[in-house]
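Single-structure report; data block below.
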Amino acid sequence: MAEDAAKVAPHVYKVLFENERVRLLEVIMQPGDSSEMHSHPDNLLYVLSGGKVTFTDPSGEAADLDVPAGMSMWMEATDHATENVGGTRIHALFFEPK
Numbered sequence: 434m435a436e437d438a439a440k441v442a443p444h445v446y447k448v449l450f451e452n453e454r455v456r457l458l459e460v461i462m463q464p465g466d467s468s469e470m471h472s473h474p475d476n477l478l479y480v481l482s483g484g485k486v487t488f489t490d491p492s493g494e495a496a497d498l499d500v501p502a503g504m505s506m507w508m509e510a511t512d513h514a515t516e517n518v519g520g521t522r523i524h525a526l527f528f529e530p531k
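Last residue of the sequence shown? That's 531 in the working numbering, and every number before it is there in order.
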């Protein structure tokens, strides 16, 4: 797996809470912000303010995703790079069980 998101992109990911059972990350991406390739374990994503993001996997395949405010989504463990390709600030929370 790639490096931890909070280590690779501290300008985007901030650890709000962590113990032996769970970690909570805050994600804030301004328009045009991006993060290098990084990893996430299985997690639950909750979007506070949405936008449009491009996820690029390790093979270089990219996918655009609209993430509206209020959306929640379970994500399996993944490696990806991310870019805010929309015109709005994206604010979300990642809940990562351990």
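Ideal Cβ positions, reconstructed from N, Cα and C, are used throughout, including at glycine.
None of these values were measured; they are calculated from a predicted model.
Status (buried if at least 16 other CB within 10 Å, exposed otherwise) for Val455: On the sequence shown, position 22 is the one that residue 455 refers to. Counting Cβ neighbours within 10 Å, Val455 comes out exposed, since fewer than 16 surround it.
Beta-carbon proximity check, Met462 vs Ala435, cutoff 8 Å: Numbered from its first residue, the sequence shown carries residue 462 at position 29. Numbered from its first residue, the sequence shown carries residue 435 at position 2. Contact: no.
For Val480, the residue or residues it bridges with in DSSP: Position 47 of the sequence shown, counting from 1, holds the residue named residue 480. Per DSSP, Ala525.
Residues of its chain near Glu529, where Cβ-Cβ distance is below 6 Å and the 5 sequence neighbours each way are ignored: What you label residue 529 is simply residue 96 of the sequence shown in a count that begins at 1. If we look at Glu529 and ignore the five residues flanking it on each side, its Cβ neighbours are Arg456, Pro474 and Asn476.
Pair within 8 Å by beta-carbon distance, Ser482 and Asp512: For the purposes of this step, residue 482 is taken as residue 49 along the sequence shown, with counting starting at 1. For the purposes of this step, residue 512 is taken as residue 79 along the sequence shown, with counting starting at 1. Contact flag unset, no.
Pair within 8 Å by beta-carbon distance, Leu478 and Ala525: As a working note, residue 478 is residue 45 in the sequence shown. As a working note, residue 525 is residue 92 in the sequence shown. Yes, Cβ-Cβ distance for Leu478 and Ala525 is below 8 Å.
Sequence-distant residues of the same chain with beta carbon closer than 6 Å to Thr521, five excluded per side: In the sequence shown, residue 521 corresponds to position 88, counting from 1. Excluding positions up to five away in sequence, the list reads Gly484.
Buried versus exposed, by CB contacts within 10 Å (16 or more), Leu498: Along the sequence shown, read from residue 1 onward, the residue named residue 498 stands at position 65. With fewer than 16 other Cβ atoms within 10 Å, it is exposed.
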